[in-house]
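Chains A and B are the protein sequences, given in the same order. Residue numbering for the first sequence follows numbering that gives the first Met the number 0, beginning at 0 and increasing consecutively. Residue numbering for the second sequence follows numbering that gives the first Met the number 0, beginning at 0 and increasing consecutively. For glycine and all other residues, C-beta sits at the position ideal for the given N, C-alpha and C. If you're wondering where the values come from, they're calculated on a predicted model, not measured in any experiment.
Protein chains: 2
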Amino acid sequence: MAEQVRAIRTRQAILSAAAKVFEEHGYQAATISQILTEAGVTKGALYFHFQSKDDLAQGVLGEQDQRILVPERATKVQEIVDMVMLHAYRLQTDPMVRAGVRLTMDQLAQGLDRSGPFVRWAEVVTVTLRKAQEQGELLPHVVPEETADVIVGTFAGIQSMSQAVCDYRDLAARTSALVRHLLPSIAVSSVLASLDLAEPRGAAVYAEALKAADALELAAAG
Amino acid sequence: MAEQVRAIRTRQAILSAAAKVFEEHGYQAATISQILTEAGVTKGALYFHFQSKDDLAQGVLGEQDQRILVPERATKVQEIVDMVMLHAYRLQTDPMVRAGVRLTMDQLAQGLDRSGPFVRWAEVVTVTLRKAQEQGELLPHVVPEETADVIVGTFAGIQSMSQAVCDYRDLAARTSALVRHLLPSIAVSSVLASLDLAEPRGAAVYAEALKAADALELAAAG
Numbered sequence: 000m001a002e003q004v005r006a007i008r009t010r011q012a013i014l015s016a017a018a019k020v021f022e023e024h025g026y027q028a029a030t031i032s033q034i035l036t037e038a039g040v041t042k043g044a045l046y047f048h049f050q051s052k053d054d055l056a057q058g059v060l061g062e063q064d065q066r067i068l069v070p071e072r073a074t075k076v077q078e079i080v081d082m083v084m085l086h087a088y089r090l091q092t093d094p095m096v097r098a099g100v101r102l103t104m105d106q107l108a109q110g111l112d113r114s115g116p117f118v119r120w121a122e123v124v125t126v127t128l129r130k131a132q133e134q135g136e137l138l139p140h141v142v143p144e145e146t147a148d149v150i151v152g153t154f155a156g157i158q159s160m161s162q163a164v165c166d167y168r169d170l171a172a173r174t175s176a177l178v179r180h181l182l183p184s185i186a187v188s189s190v191l192a193s194l195d196l197a198e199p200r201g202a203a204v205y206a207e208a209l210k211a212a213d214a215l216e217l218a219a220a221g
Numbered sequence: 000m001a002e003q004v005r006a007i008r009t010r011q012a013i014l015s016a017a018a019k020v021f022e023e024h025g026y027q028a029a030t031i032s033q034i035l036t037e038a039g040v041t042k043g044a045l046y047f048h049f050q051s052k053d054d055l056a057q058g059v060l061g062e063q064d065q066r067i068l069v070p071e072r073a074t075k076v077q078e079i080v081d082m083v084m085l086h087a088y089r090l091q092t093d094p095m096v097r098a099g100v101r102l103t104m105d106q107l108a109q110g111l112d113r114s115g116p117f118v119r120w121a122e123v124v125t126v127t128l129r130k131a132q133e134q135g136e137l138l139p140h141v142v143p144e145e146t147a148d149v150i151v152g153t154f155a156g157i158q159s160m161s162q163a164v165c166d167y168r169d170l171a172a173r174t175s176a177l178v179r180h181l182l183p184s185i186a187v188s189s190v191l192a193s194l195d196l197a198e199p200r201g202a203a204v205y206a207e208a209l210k211a212a213d214a215l216e217l218a219a220a221g
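Have a look at this one:
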């Protein structure tokens with residue numbers, strides 16, 4: 000058990016180091032020896048967890064989907080809003096999430112398959128939109144797969160513009176503007192009227208999700 | 000006159016070379032001597048036109064706003080749709096536009112101010128939205144500056160996702176989905192009903208714009 004904990008910690012340290020090196024140098028220019036130096040682990044330890052630079056990048060890319068989950072909501076459209084707003088909040092506050100997103104958006108990273116995060120996010124949103132559809136929350140013309148792609152793609156751009164213009168300082172405001180612009184063509188009006196699309200929502204969902212995760216961990220331990 | 004033409008050609012050759020080198024290596028790793036080799040010009044010629052690597056990058060970034068303009072439309076919302084769709088079409092077909100966009104989206108290009116294209120695009124869209132507002136095309140709650148930022152930011156993400164997922168093959172379809180999702184919260188219904196938001200629009204606008212540019216050039220020469 001102690002060994003397993005140590006292995007998880009080592010893996011995490013390597014991923015953090017990789018995130019930092021990719022962020023500083025770009026995927027193309029980054030080298031495994033830079034990541035080794037940054038992580039302070041042996042070559043053997045690194046290759047035990049990751050086969051290659053590509054494998055390390057996929058590890059960093061994967062970190063943005065995991066860990067903190069949005070609590071279930073009765074209104075599934077609100078659940079999607081909460082996913083987007085929570086992700087925006089984590090982008091502002093969590094270096095690993097930021098590194099994953101930058102790598103996803105690194106159009107210069109040749110040979111690296113960056114489609115994973117887009118595709119995985121789109122799948123999660125599609126599933127939630129289907130539930131929303133079953134509950135009668137969506138306008139009749141909505142095609143869940145198409146709308147999910149629009150939501151994921153547009154958020155990717157909003158965060159990129161916010162980073163370029165002011166290093167994410169206005170990301171919550173831009174995210175709120177995004178959902179206010181998209182949802183009138185997605186949800187029926189009674190659902191629209193019930194949604195919370197305000198800027199502070201991301202921080203509130205984050206606090207709520209952390210609490211839920213802590214409770215879960217406590218229950219598992221006890 | 001001949002000298003002026005030569006200078007313009009040299010500048011263009013240097014910019015094309017810079018675009019290619021930035022696209023291959025990323026802004027961070029690219030060097031002026033790589034650009035010199037690629038362009039096949041002397042150091043003196045390069046420094047006559049551009050002071051630094053940053054200056055070269057700004058030149059490449061600037062190319063995406065210039066050159067081909069959307070013909071004026073009676074309906075200003077259609078004019079905005081045409082700008083977006085033309086840009087999508089040029090992204091698929093013009094290497095210089097693609098290089099400019101990749102540089103704009105290069106979140107790893109430290110020290111390079113990438114806000115220019117976002118800000119300039121947002122200004123053009125804001126001005127056109129204001130005209131649309133004066134003509135009664137917009138819903139009453141629309142704030143042109145905010146909506147312009149949403150349009151520019153969301154398109155940036157749609158193109159990025161399309162590139163990551165299938166190297167732009169589905170960009171026209173994604174762009175059409177984007178405007179169909181955004182416009183119902185922007186334009187009044189009578190305007191919505193009059194719009195052409197179909198996939199082939201970008202190619203058609205491009206052909207039209209090229210024809211108009213040729214006619215203008217002919218008139219200037221004659």
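Which residues DSSP lists as bridging residue i, in chain order
| i | result |
| --- | --- |
| A/Leu137 | A/Ala186 |
Under 7 Å by beta carbon: chain B residues contacting residue i
| i | result |
| --- | --- |
| A/Met84 | Residues of chain B passing the Cβ test: none, with the nearest at roughly 15 Å. |
| A/Leu60 | By Cβ distance, chain B contributes nothing, its closest Cβ being about 11 Å from A/Leu60, past 7 Å. |
| A/Gln27 | His24, Gly25, Ala28 |
Range of the contiguous alpha helix (DSSP H) that encloses residue i
| i | result |
| --- | --- |
| A/Asp53 | 52-62 |
| B/Thr92 | 75-92 |
| A/Ala172 | 170-181 |
| A/Pro70 | Note, A/Pro70: premise wrong, no alpha helix (DSSP H); not H, not E. |
| A/Asp213 | 200-220 |
| B/Phe154 | 143-165 |
| B/Gly43 | 42-48 |
| B/Thr36 | 31-38 |
Interface flag, residue i vs chain B, CB-CB below 7 Å
| i | result |
| --- | --- |
| A/Thr153 | yes |
| A/Gly156 | yes |
| A/Arg8 | no |
| A/Met160 | yes |
CB contact below 7 Å: residue i versus chain A
| i | result |
| --- | --- |
| B/Glu144 | no |
| B/Ala56 | no |
| B/His180 | yes |
For residue j and residue i, the rounded distance between their alpha carbons
| i | j | result |
| --- | --- | --- |
| A/Val164 | A/Gln134 | 39 Å |
| B/Glu78 | B/Ala202 | 15 Å |
| B/Asp81 | B/Val69 | 7 Å |
| A/Val212 | A/Glu144 | Note that residue 212 of chain A is Ala in the sequence shown here, rather than Val. A/Ala212 and A/Glu144: Cα-Cα distance of roughly 29 Å. |
| A/Glu136 | B/Arg8 | 57 Å |
| B/Pro94 | B/Glu207 | 20 Å |
| A/Ala16 | A/Ile34 | 6 Å |
| B/Val142 | A/Lys130 | 33 Å |
| A/Val40 | A/Gly110 | 26 Å |
| A/His24 | A/Leu60 | 16 Å |
| B/Tyr205 | B/Ala171 | 13 Å |
| A/Ala29 | B/Ala73 | 51 Å |
| A/Gln132 | A/Val190 | 12 Å |
| B/Pro139 | B/Ala186 | 9 Å |
| A/Pro116 | A/Glu216 | 26 Å |
| B/Ser51 | A/Leu182 | 45 Å |
| A/Ala18 | A/Tyr26 | 10 Å |
| A/Glu37 | A/Leu45 | 12 Å |
Residues that residue i contacts on chain A, provided the C-beta gap is smaller than 8 Å
| i | result |
| --- | --- |
| B/Pro183 | Pro183, Ser184 |
Closer than 8 Å at the beta carbon, the chain B residues around residue i
| i | result |
| --- | --- |
| A/Phe117 | Met160, Ala163, Val164 |
| A/Arg113 | Ala163 |
| A/Arg173 | Asp148, Val149, Gly152 |
Partner residues on chain A for residue i, Cβ-Cβ distance less than 9 Å
| i | result |
| --- | --- |
| B/Leu177 | Val149, Gly152, Thr153 |
Minimum Cβ-Cβ distance from residue i to chain E less than 7 Å
| i | result |
| --- | --- |
| B/Ala12 | Of the protein chains in the structure, A and B, none is chain E. |
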